[in-house]
Each structure stands twice: as C-alpha cells, then as structure tokens.
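S.K.: Throughout the sequence shown, residue numbering follows the working numbering, covering 287 to 1240 in sequence. Every residue, glycine too, gets a C-beta built ideally from N, C-alpha and C. One structure is given below, represented as structure tokens, and several questions about it will come after.
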Amino acid sequence: MLAEASLSMWGWGSLGVLLFLITFGPFAIFYFAFYVFCFLGGGFAVTLLFGKTNSEKHLEKCEHSYLPATATGIPKTLDEMKLESKPIKIDRRLTGSSFIDEPLQQVIQFALRDYIQYWYYTLSDDESFLLEIRQTVQNALVQFSTRSKEVDWQPYFTTRLVDDFATHLRVFRMAQERLNEKEDSKQREAPEELLDSFFEAEVELERKICRDVVCTAPKDEEGFLRDLCEVLLYLLLPPGDFHNKNMRYFLREILAKGVLLPLINQLSDPDYINQFVIWMIRDSSSNYEAFMTVLKLTDKPSELEAVKDKAMEELQYLRSLDTAGDDINMIKNQINSLLFVRKVCETRIQRLQSGKEVDALKLAANFGKLCIIPLEHILVHNIALQFFMDYMQKMGGQADLFFWLTVEGYRVTAQQQLEAMLSWQRDGRKQGSQTKGLLKAAALGVYEQYLSEKASPRVQVDEALVAKLAEKLNQEDPTPEIFDDIQRRVYDTMLRDERFYPSFRQHPLYVRMLAELDMLKEPSFRGSDDGEGESFNGSPTGSINLSLDDLSSASSEEAFQLHAFISDTGVCNDHGKTYALYAITVFRKNPDGSEDCWKTYRRYSDFHDFHMRITEQFTNLSAILKLPGKKTFNNMDRDFLEKRKKDLNAYLQLLLNPEMVKACPTLTLYVNDFLENKAYSKGKGEFARKMDVFVNPLRSSMRNVSNAVKSLPDSLAEGMTKVSDNMGRMSERLGQDIKQSIFKVPPLMAKSDIDPEHFRISAQLDDNVDDNIPLRVMLLLMDEVFDLKERNQWLRRNIKNLLQQLIRATYGDTINRKIVDHVDFMTSPEQVADYVKRFRDSYWPNGILAETPPRRDKSIRMKTRVAAKTSLLGIMPDELKHIIGADTTRKGILRVFEMFQHQQLNRRLVYVSLEGFLETMFPQYKFPELFVKLYSRSERTLKYSKRLKTAQKR
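What follows is the structure, given as structure tokens:
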C-alpha cells in the first residue's frame, strides 16, 4: 500500500510540473523565484524605512525633552567671529644679520609649503594655523640664534669635536683588536661581531653610557629623537606654545622624523660619506700607485669584482673603436693597462677565495727578495732605528746601541759647547774652565754608565781601549772625539757580529722596517724592470766609473762644444711593459772643427738615475736642478708626454749651460757619459731610486735636527733649562730616556693608576704643557689615527718633535692663532649664510623640492669605495710617510676609512657630535645627565655596572 501511494505521489507531482512548464514556458521557475525575492526584499525595505523614521522622531523628542534650548546670541557671535579676520604680524628678523635672514626665510617658506600646506589645505582654508606655525618656528630660531651668539665655539671645534672623533676612532681600534684575537675567521669577518665588540668597548670607555640601542634599533632611535626634540622645544619655544600639547606634538614629530632622522640617515650612509670624500679632494690628481695599493691590500672581493667589471667594460669599449695611426698605439697602451688591472683583481680574488696568504708582509718575507739597507742609514733614521732597537733588545745587544747613540749626543753637545767657549774667549769673557769642567763631567758620566766596572749592562770592548780612555779622562780635557775609537769598535761589533745586523736582515722586524720605508716588493705583482733585489750604498756605480785623474783633467771648455735636445718621443712595448722613450739629438764640435751628430734614446727612469748620481756627487746642484715629477697614472697620454718632453728639454739645457759647468767643472764627464750613443747602464735599480727618494729628505732632516741640537743642546737633556747648570747630568738623563723605551724601566714621574685607554683623548692634554690646546689636540688626533702609542717612547717623542717642526715650518708659531682664526671665519655671518644657501639649493633646487635619489646598486657603491680609498691614500704627503713610516701611514688612513663603512657606527659618531653641540650650546642645563637617562635603555650599561661592582667587592 505504501509503495503504491508513493508511486502515485511522484506521478501526480511529475504531471503537475510538466503541465506548469508547458503552460508557462521553460523559464517560469526563474520568474517565480525572482517574484518571491522581490516580495521579501520590498517588505524588508518598507520595514527599515518605517523603523528609521520612527526612531528619528523618538530621538528628536528625547533631545528636546532633556537639553535646554540654545540661546540665539551664541550662533550670532560665532558667525561674526568667522567673518572677522584676525591679522597676524610676523617679524621677518631672525638672526640680526640680513645675510642669513633672507635665505633662512626662504627655507622656512619652502618647508611649510612642501611639508604642511600640501595636506593642510585639504582640511581647511584657514590661514591662521599656518601663520601660527610660522611664528612659532621663527621664535625658536630667534632663541637659537641668540643663544649661539653667546657661545664661544672655538673650544668646541678645536677641542671637543676633534676629541669626539679621536675617541670614536679609539673605540673602533679596540674593537678591531678584540676581533683579531678571535681564532674563528668567520667571527672576525661578521659585521655583528664588530658591532658587539665596538659597543662593549664603548661602555668600558664611557662607563655610564652605551648607544647601542639607539644606533641599532629603529624604534628606539625614534623614541630617543622624540624625547630629545621635546627637550629642545622646551628650551626654544615660548611657554604658551610649549604647553599647547597639539602644537608641541606636531612640531616634535616634524622635527624628529621629518628633519633629524633623514639627516642622520644621510650623514651615516657609508656611500654618501665616500662620495663626500671624493668631492672634498676632487682637485687632487689620480694616483696610480695608490690605486694599485688599494687593490693589493683590500680584503673585500666585492670591491675587486667591481673594479674588474669596470675594466672589462672599458676594454670592450676600446676594442670597439675604429682607429688608425698614432691613436692605435695609445689605445693599445690603455688596453694593456686595463688587462694588467684585471689580472691583479683576478689574482687577488683567487687568493681571497682559496684562503691563501694575502698579507703583503708575510708574502714578501717568504717569497720576495729584500732590499739591503746599510747599518749607517739605519742608525740615523728614526723609523729604521726603532725596529733595530727592538731587535737589539731581543738579542741582548741594546747596551751597544745605547752607547753609540749616547756618544753621538755627547759629540754634538760638546762641539756646541766648545764653539761657544771660543766665542766667549774672543769676546773677552772667561768661562773656559767652567765649560771644560762640565764637558768632563758629561764624559765621565758616559764612561761610568757604560764602560766602568759598575756599569750595568756594560759595553763589551777591548779592555786596552777602555783603559786608554780612562787615562785620557784623568789626564786630559775631554774633546768631542774622545769616545770615537770605542764607538767605532762598537759600530763594527754591531755590523759584523752575527747576532746583530747580519741576523737582523733575516728577521721579521727587518721586513716590517722595509714596509715602513716603502721598500717592500710583493712577489705577486712585479712591475720593475731593473732587477728584484738591489743593494743601496749611497754611492754612484754602474756606467760612470771616473778616476781621480779623469776628474782633475776635465776642462770646462768641453761643455761649450756640446749641444743636445729631445727631438722626439715614442711609446714602446717590451714584453707587456709599456714605457715612454725620448730621442735625444746630440751635436759635438771637435777641436779640429769637425762636428759629430748622433741620437741616443733614454727613458724617464734613466733621467732619474742620472739625476740621483749627479746630485749625490754635486750636492749644491740639488737646489738648482729639478727633475720633472713622476706621474704614474695616465703617463702615456700624448699631452702629458709632450709636457714632459718640454720639461726634460729645459732640464738638459740647464745642465749644458756654461754657467752651470763653470760652477761644477767635472759635471761635463757625467753629462757626456749620459749622452753617449750606447745603452745606458743604471747604477741604481728601482729599489735604489726609492731609497734615494726616501734618504734625501732624511739627510736634510738630519742636518736640520743636528742644527737644532747645536743651537738648543738642552733638548738632548730632555727638559734642562740651562746647559751650564745641567751639563753633568746630560748623559744620565738621556740614558734614562732610552732605558725607559728599551729596558722598560719605570719613568721617574709616577703615572696614574687609571688606564688611559679607558679615558677620552682629551684626558691626556695635561701631559703636554708646552703647547696650546688646539695644536695639542691635533697631535693627539694624529697619535690616535696612526697608533703611535705602539712605538717606544723615545721614538714617539722624536716623531712628536718632528711633527711640531713640520707644522711650525709651515705656519710658524701662529698655528694656534690660525686655527682660531679659521674657526672664527667658518662661523662668521657670511659663511653661515653660505651654508644656509647651500642647504636651500641642495634640498630645493630652483625652488622645487628635490626628489629622493634612488639607492645606488652595489657595484657602483663598491667602485666609489675604491675611488675614495685611492683618493685618501693619494693625498698623503711623502713627508708624513718619512716621519712615521709608509706602512703606518697606510694602515692609519685605511683604519679611518674602514671605520666609516659601518652605518651603525657612523650613527654613533653623529649622536656623539650632536651631544657635544648641545652641551656647548646650553651649558647651564644638565645635558650630560639627561643623555645618561636617555641612553639608559641599553642592557650593556647595566651588565657593565654589575661587573664593575663585583670587581670592586673583590
């Protein structure tokens, strides 16, 4: 029954559907659904509108029932206030100087237009808010200007700013030293490890402050800037504006995130700093030697890859050129140079990636052939003498060296005293006995200290010589030469004893000395065609071998018969080495009236070698003859070769001048030998020529020092005011000085128990009381940059004296006055106005806001790094290298450069400079204590304080 009923229902249902579709069509079902939806939607809309109308009526009824009616006077008053315009008068005077106010007003106008007006006009047309903002900004600038006029900026720029930089460099150096102590090379190269080591060293230096959180965490940095800006607004704004929270917060955000943060981001960007360095020294010419030094010393494969890519790009361009004639030779030379640069980069990259040794000192020590420097040159050179001192200390021969130096000092002082005694006798003053007594006391002091039985350590020489000297001291008046026999014996011992000079030449200290003298030759990059290991003995050798008879028979008449000039210049390529060749046309008139003519060919290195020989032989020519300078970058350029040809021609004509030959008759033989039609045999190789460039300034400086010693003999006694009062103690004081550096004997003056490494650089100013502060701070900065504290105290003091002489030779005794005058000039209204104009033109060129430049790709940034390093190394004067050493100079410059390649560390330097600026600007407020609180978020400060307390309890 159930089955039949179910079948009946399905049948009738199907029949109904079929009839519905036949009657109304196939889309009737969709129409039906649509009608149902419209019915339900209409009902919902009617219900919603009805409910909304009733609700509004109910709310209006409730409002009228609970709130009192509004008085008619208030709306009328509001309408009148809107119609009434309230003019705001703005005084356009800001600093009191029209030079500064005009560009500063333009900066304010542009800033309001581009940072406030563009969004404010979308909210309101009321101008009063903008005028109030402008008035507030001007009030702050007036307060800032008034305060800056009351401040003496000279101490900040000459002391505080330099001190902040030097202290920052000290912290960076300490961090590098800690990284070098780690065994894992990956940890040493990780940037995070450097940051950790840097800020650990900072908290040890500052003790109460660590800026790690502010410099590494963007959110904390923004909070720090907000707090700092709020303090500045409190100091600069009128009380009414400051207590207006809306105004204060508005200005705080603009100042912190719109002004200070973008400025700090730009100043701390390493790429921006590198570009700024290049721009600052844009006038200096490119230096090929410095460029190659950068490539050989860099440990960054990315820098080498960027240079290699640039070289490949230039190679493709040069090879695509369609040239002929003389231009093809120039292009070939450029291609060869680029191929060499590419090879250097590839070799260096390969060594870095394979983990092979890349240190130039170790490479030269293991594989290179070393230059030989005689002992007599080592003993008279400050840099070389330092390394020889260290070696003699290790070998136990320091007493011999100490004796030799002391005798040298005694000889100079004795000569000066005897000359002064003769002068007194000629003037009728009788002080001879007193001077002789002082000399005898000094000579006895030298004898007692080094040669007597009580001397410790005692110089080991022939007892017969010592006894002979003792007899002379007892029976005769001492002379400057009284120690000469023993000094020569000591010198011979140091020269020939295998423990001393012979072994020193095989020691790593000798390699380091050559590096400081810039006499190392890296075996991986051979660029000399003069041999690999030369010995320099300071005397001309080679193609010029003249006997005394030849020199005596030389006649000045021969010079009138010789004429020469450079007729042509060419570029040669020999086994991949490119050099310029000068064709010299020579005419010689013989006594019989006939004339000979020939051409000889010389390179610039031949001219250099010849110049070295004749200036050595005829010392008076060095002030007259000036060889054209060497240019190692683009030195095959046609214009440059023409200029050098002209200069060398002038050099030749000066040599052949009759007046020159009259002054130096024997010069003719040297000139004839140089101009002969034969291959020129260099008497000096590449190392010898480098040595000449180095030793010649040394000889001049040694003469100057000798003259200074003779005129001021108390300098040898280190602090004696009168030689006549302290002559007897001269050798003893000099001995104590050298012993402090060699034997590590504690100095006579007690030092502080506090480690100077954990104090700011300016804390050492009290050690030097003979100079004014600006010069002293500059010398301390050089001390920190080149790490001169690692040198022994004797050499360090000599370096300091030489630096002072170098500065005073340039500026005289007015160096401090010049520094102060320069600071006054830099802070003058005209200069400040120029700074504001440059800022305006930089941010708003032609009155339009400058677009944010796109971030430069890595390759361009790496090229900029190489260019900046090359520029820095290229501007270092040779005089500085001669004073402190070439390797030390390079390391100091590269350390400073490397310090600026870390953005977080640069931010720290910016904040330190800002702190010093605010502390100088507002000395009456407790900014140091405020900064301690602002930096208190650092966990390193808390950990260090706990460690310090724990150490004190122990």
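Inspect the beta-carbon positions of Asp-557 and Thr-1156 and report whether they are closer than 8 Å.
M.R.: No. Outside cutoff.
S.K.: Just to confirm, is the Cβ distance from Leu-934 to Phe-893 under 8 Å?
M.R.: Contact flag set, yes.
S.K.: Whole angstroms are fine: how far does the CA of Val-732 sit from the CA of Thr-453?
M.R.: Taking the straight line joining both Cα atoms gives about 42 Å.
S.K.: At what residues does the alpha helix (DSSP H) containing Tyr-937 begin and finish?
M.R.: Start and end: 924–941.
S.K.: Nearest by alpha-carbon distance to Leu-755: which of Ser-738, Ser-742, Arg-744 is it?
M.R.: It is Ser-738.
S.K.: From the DSSP output, read off the bridge partner residues of Phe-851.
M.R.: Thr-871.
S.K.: For the beta strand (DSSP E) that contains Cys-883, what are its first and last residues?
M.R.: From DSSP, the beta strand (DSSP E) with Cys-883 extends over 881–889.
S.K.: Using only alpha-carbon positions, find the residue among Arg-1142, Thr-422, Asp-412, Pro-660 that is nearest to Met-799.
M.R.: Cα-wise, what sits closest to Met-799 is Pro-660.
S.K.: If you draw a straight line from the alpha carbon of Phe-485 to that of Glu-632, how long is it in whole angstroms?
M.R.: Answer to the nearest angstrom: the Cα atoms are 36 Å apart.
S.K.: Evaluate contact between the stretch 594–604 and the stretch 625–640, counting only Cβ atoms and requiring at least three cross-stretch pairs below 8 Å.
M.R.: The answer is yes - the stretch 625–640 touches the stretch 594–604, with three or more Cβ pairs under 8 Å.
S.K.: Within the continuous alpha helix (DSSP H) that includes Leu-1204, where are the two ends?
M.R.: Residues 1189–1207.
S.K.: Who are the near neighbours of Asp-804 in its chain, counting only those whose CB is closer than 6 Å to its CB and skipping five residues on each side?
M.R.: Here the set comprises Ala-1172.
S.K.: Going by the beta-carbon positions, is the gap between Thr-502 and Gln-1190 smaller than 8 Å?
M.R.: Yes, these two residues count as a Cβ contact at 8 Å.
S.K.: Which residues bound the alpha helix (DSSP H) around His-454?
M.R.: That run of the alpha helix (DSSP H) goes 447–466.
S.K.: So, helix, strand or coil for Tyr-1221, using DSSP?
M.R.: Here Tyr-1221 sits in coil by DSSP.
S.K.: With Met-1207 and Val-545 assumed to form a contact (beta carbons below 8 Å), what rounded beta-carbon distance in angstroms separates them?
M.R.: Wrong, their Cβ atoms sit about 17 Å apart, outside the cutoff.
S.K.: Would Trp-296 be called buried (16 or more neighbouring beta carbons within 10 Å of its own) or exposed?
M.R.: The residue is exposed, with fewer than 16 neighbouring Cβ atoms inside 10 Å.
S.K.: Once the 5 residues before and after Ala-542 are set aside, which same chain residues still bring their CB inside 6 Å of it?
M.R.: Only Leu-511, Arg-512, Cys-515 meet the Cβ criterion.
S.K.: Pick helix, strand or coil for Tyr-696, following the three-state DSSP scheme.
M.R.: In the structure shown, Tyr-696 sits in a helix (DSSP, three-state: H, G or I).
S.K.: Rounded to the nearest angstrom, what separates Cys-950 and Lys-586 at their Cα positions?
M.R.: Near 54 Å, if we compare the C-alpha coordinates of Lys-586 and Cys-950.
S.K.: Confirm, please, whether the CB-CB distance from Asp-882 to Arg-874 is below 8 Å.
M.R.: Cβ distance < 8 Å, so Arg-874 and Asp-882 count as in contact.
S.K.: Across which residues does DSSP place Cys-858 in a beta bridge pair?
M.R.: The partner list for Cys-858 (beta bridge, DSSP) reads Tyr-865.
S.K.: Taking 8 Å as the cut-off, decide whether the C-beta atoms of Ile-852 and Ala-866 are in contact.
M.R.: Result no, Cβ atoms of Ile-852 and Ala-866 do not sit closer than 8 Å.
S.K.: Taking the continuous alpha helix (DSSP H) assigned at Phe-1183, which residues delimit it?
M.R.: That run of the alpha helix (DSSP H) goes 1172–1185.
S.K.: In this structure, how does DSSP classify Leu-304 when only helix, strand and coil are distinguished?
M.R.: Helix, per DSSP.
S.K.: Can you tell me the Cα-Cα spacing of Asn-425 and Phe-528, whole angstroms?
M.R.: One C-alpha to the other measures close to 12 Å.
S.K.: Using the beta-carbon count (16 or more within 10 Å), is Lys-1239 buried or exposed?
M.R.: With fewer than 16 Cβ atoms within 10 Å of its Cβ, Lys-1239 is classed as exposed.
S.K.: Are the beta-carbon atoms of Ala-576 and Gly-1160 separated by less than 8 Å?
M.R.: In this structure, Gly-1160 lies closer than 8 Å to Ala-576 by Cβ.
S.K.: Is Ile-768 closer than 8 Å to Ala-729 when the C-beta atoms are compared?
M.R.: The answer is yes: Cβ separation under 8 Å.
S.K.: Going by CA-CA distance only, name the one from Gln-679, Arg-697, Asn-760 that's closest to Phe-790.
M.R.: Cα-wise, what sits closest to Phe-790 is Gln-679.
S.K.: Alpha carbon to alpha carbon, how far is Thr-1227 from Leu-1234? Give it in angstroms, no decimals.
M.R.: Leu-1234 and Thr-1227: Cα-Cα distance of roughly 10 Å.
S.K.: So which of Asn-466, Glu-475, Phe-458 has the shortest CA-CA distance to Leu-491?
M.R.: Nearest option by C-alpha distance: Phe-458.
S.K.: Taking Cβ to Cβ, would you say Ala-850 is nearer than 8 Å to Leu-961?
M.R.: Cβ atoms of Ala-850 and Leu-961: closer than 8 Å.
S.K.: Return helix, strand or coil for Ile-315, following the three-state DSSP convention.
M.R.: Note: Ile-315 maps to helix in three-state DSSP.
S.K.: Report back the beta-carbon spacing between Leu-581 and Val-593 to the nearest angstrom; my notes put them in contact at under 8 Å.
M.R.: Confirmed, Cβ separation roughly 7 Å.
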